[in-house]
Each structure stands twice: as C-alpha cells, then as structure tokens.
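Enquirer: Numbering (our numbering), first residue to last: 75 to 323.
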C-alpha cells in the first residue's frame, strides 16, 4: 500500500479527488478509495471513463493497467484522469509518454506498507530498490486560442475583467458555487446575469494551474473559456495580438 499521507498530497497536487483505486486486495484493506478493483473485481472489466483513477499496479504489469485506462479515457477525455506510480525503469518509460511528472522519490524511499504477518495492522516495508516516479495524466483540455478583437461601434473590445466559462462546457466533476456578481457585460454590449462560479484546471503546453471563473449560460460562438484580466495579471501574461500569441512571465 502506498503511503497515505503522500497519496493525499498527490491528490491535492492534481486538484481532483480520486474516485477509483485500480489495484487493491480483494478485501480493500489497502484501497485509498471506496471504489476499487482487485483480483476478484478486475480493473480490466471496469469502465473508468469519467473518473480520477489511482493506479499503483504491480510494476511489471503497469503497461496493461495503463492501456486499459487509456481505452476507457477515449470515451470521456474531458472527465477522465489518472495518477500512475512507476519505478524509474527504461523498459516502461514509453508508457507515461506525454504525461506530467509530479514528483520523483529517490532510491531507498520508504513509500509502501504490507499486512503484518501476525494479521494485525501493517508494517512499513524497506526502502525502494529504485527511484519511484509519480505521473499525472490530466483530463484533456480543449485547445485555447486567441481570437482577433472584434470591432464594436468603431472600438476594439479586447478585455474581460473576469475569466468566464460556458455552462455547457463544464463536466459533472466541476463544483459550482453561488456568485455575488449580478451580471457581466459581454463583447457585444449585452449584460448577462451570472448565477454561479467554478474553479477550472487549465493545462496549456507546460503550464498547469487553476482558474476561478464565472459561469455564463452563453458565450461567443465557438468559444468555451475566456481567460480574463484577472488571470492575465496573476500570470504576468504578455499578449501579441497580431501574432495571436500569449507568453507567460
């Protein structure tokens, strides 16, 4: 069983609560989630689409677990994610290609526990004989693009004071809270009532971070998320409108 405190820390790093543990004992004594797979209830027969999956599988069988996870994720790329615990072996590094390395524990780290031979409790196992890596495969994020400013009454409107997300763009895992903001003015001059707000996890190339966004019932055609001045200032963004490029400092 992977160290519980480290598990909780990793969960916090991802910004999502794990909903399924992919490799556990049949009795669930080493499960980190209420819902789990085991030899009795095989992970390979479970559809984990739409879930945040914890994968700490037998190291020699990790490719099989990841392949099944990826097959499930293909059904819901926006709502499915996983963390995979792997040894730092050249033989399996292809499995985590394209994923984010959250952390790496050095050889000798005491990360795992096992049932005590007496049947009472667990004991800490010896340090790992190799470095251990923690890989994160986040939900697929739609590609964010900069739109050329649209003229309105002879002026160009290029700013939004707050980040905004289209209500229909949110998946079931997003937490929506009441918002104190009464309304917001959109690019076409209309005022739209705002009833809620949420927190989004945004990934763009090497950037990953959370964005507090107001939820609107409608946005401009073809646009689901607008990163407003609040996000731009917080991240020191530099906009090159002509080149449709955004750089973070």
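Positions of the beta carbon are idealized from the N, C-alpha and C atoms, including for glycine.
Residue 239 and residue 299 look like a contact to me (Cβ under 8 Å); what is the Cβ gap, rounded to whole Å?
Expert: Within the chain shown, numbered from 1, the residue matching residue 239 stands at position 165. Within the chain shown, numbered from 1, the residue matching residue 299 stands at position 225. Contact flag correct, Cβ pair sits at about 5 Å.
Enquirer: Would you grab the beta carbon distance between residue 161 and residue 206 for me? Rounded to a whole angstrom, and I think it's under 8 Å.
Expert: Taking the first residue of the chain shown as position 1, residue 161 is located at position 87. Taking the first residue of the chain shown as position 1, residue 206 is located at position 132. With a Cβ gap of about 6 Å, residue 161 and residue 206 count as contacting.
Enquirer: Looking only at DSSP bridge pairs, what is residue 84 linked to?
Expert: Position 10 of the chain shown, counting from 1, holds the residue named residue 84. Looking at the DSSP assignment, residue 84 forms no beta bridge with any residue, so it has no partner.
Enquirer: Give me, in chain order, the residues of the same chain whose beta-carbon lies closer than 8 Å to that of residue 229; leave out the 5 immediate sequence neighbours on both sides.
Expert: Working through the chain shown from its first residue, we reach residue 229 at position 155. Any reading at residue 229 needs caution, since the residue's pLDDT is 29, under 50, leaving its predicted position unreliable; the model's value is listed next. There are no such residues.
Enquirer: Should the stretch 278–290 be regarded as contacting the stretch 299–309, the criterion being three or more beta carbon pairs within less than 8 Å?
Expert: Output reads yes: the stretch 299–309 touches the stretch 278–290.
Enquirer: Provide the residue(s) that pair with residue 128 in DSSP beta bridges, ordered along the chain.
Expert: Counted from its first residue, the chain shown places residue 128 at position 54. 95 and 157.
Enquirer: Compare the Cα-Cα distances from residue 212 to each of 204, 83 and 92 and report the closest residue.
Expert: Within the chain shown, the letter at position 138 stands for residue 212. Selected option, being the one with the closest Cα: 92.
Enquirer: Taking only heavy atoms of the ligand FAD into account, decide whether any of them is closer than 6 Å to the Cβ of residue 274.
Expert: The ligand FAD is not part of the structure shown, which contains no ligands of any sort.
Enquirer: How do the stretch 157–175 and the stretch 105–117 stand: do at least 3 beta-carbon pairs fall below 8 Å, yes or no?
Expert: No, the stretch 157–175 is not in contact with the stretch 105–117.
Enquirer: At the level of alpha carbons, what is the spacing between residue 313 and residue 138?
Expert: The count along the chain shown starts at 1 and reaches residue 313 at position 239. The count along the chain shown starts at 1 and reaches residue 138 at position 64. So the two alpha carbons sit approximately 43 Å from each other.
Enquirer: Out of curiosity, what's the CA-to-CA distance linking residue 189 and residue 208?
Expert: As a position in the chain shown, residue 189 is number 115, starting the count at 1. As a position in the chain shown, residue 208 is number 134, starting the count at 1. In a straight line, the C-alpha of residue 189 is about 23 Å away from that of residue 208.
Enquirer: At which residues does the alpha helix (DSSP H) containing residue 146 begin and terminate?
Expert: Residue numbering aside, residue 146 sits at position 72 when the chain shown is read from its first letter. Here the alpha helix (DSSP H) through residue 146 covers 136–147.
Enquirer: Report the three-state DSSP secondary structure of residue 322 (helix, strand or coil).
Expert: For the purposes of this step, residue 322 is taken as the residue at position 248 of the chain shown. Looking at residue 322 - three-state DSSP - the assignment turns out to be strand.
Enquirer: Excluding five sequence neighbours on each side, which residues of the same chain lie with their C-beta closer than 6 Å to the C-beta of residue 105?
Expert: Taking the chain shown and counting its residues from 1, one reaches residue 105 at position 31. Around residue 105: 95 and 98.
Enquirer: Nearest to residue 130 by CA position, among 153, 84 and 124, is which residue?
Expert: In the chain shown, residue 130 corresponds to position 56, counting from 1. Nearest option by C-alpha distance: 84.
Enquirer: Going by DSSP in three states, residue 162 sits in which element: helix, strand or coil?
Expert: The sequence position of residue 162 within the chain shown is 88, counting from 1. Coil at residue 162, not helix or strand.
Enquirer: Taking the alpha-carbon positions, what's the residue 119 to residue 149 distance?
Expert: What you label residue 119 is simply residue 45 of the chain shown in a count that begins at 1. What you label residue 149 is simply residue 75 of the chain shown in a count that begins at 1. Going by the C-alpha atoms only, they are around 15 Å apart.
Enquirer: On the CB-based measure, 16 or more other CB atoms within 10 Å of its CB, does residue 181 come out buried or exposed?
Expert: Counting from one through the chain shown, the residue named residue 181 turns up at place 107. Label assigned to residue 181: exposed.
Enquirer: Quick one: grab the DSSP three-state call for residue 305.
Expert: Taking the first residue of the chain shown as position 1, residue 305 is located at position 231. Note: residue 305 maps to helix in three-state DSSP.
Enquirer: Please confirm whether residue 123 and residue 107 have their CB atoms less than 7 Å apart.
Expert: Residue mapping note: residue 123 aligns to position 49 of the chain shown, counting from 1. Residue mapping note: residue 107 aligns to position 33 of the chain shown, counting from 1. Their beta carbons are not under 7 Å apart, which means residue 123 does not touch residue 107 by this criterion.
Enquirer: Which of the three DSSP states is assigned to residue 196 in this structure?
Expert: Taking the first residue of the chain shown as position 1, residue 196 is located at position 122. In this structure, residue 196 counts as strand in the three-state DSSP scheme.
Enquirer: Rounded to the nearest angstrom, what separates residue 277 and residue 200 at their Cα positions?
Expert: Reading the chain shown from its first residue, position 203 is the one you call residue 277. Reading the chain shown from its first residue, position 126 is the one you call residue 200. Rounded to whole angstroms, residue 277 to residue 200 spans 36 Å at the Cα level.
Enquirer: Enumerate in chain order the residues of its own chain whose CB-to-CB distance from residue 87 is below 7 Å, with the five nearest sequence positions on each side excluded.
Expert: Along the chain shown, read from residue 1 onward, the residue named residue 87 stands at position 13. Excluding sequence neighbours, residue 87 sits near 176.
Enquirer: Nearest to residue 174 by CA position, among 82, 266, 310 and 156, is which residue?
Expert: As a first step, residue 174 is located in the chain shown; it is residue number 100 there, counting from the start. Selected option, being the one with the closest Cα: 156.
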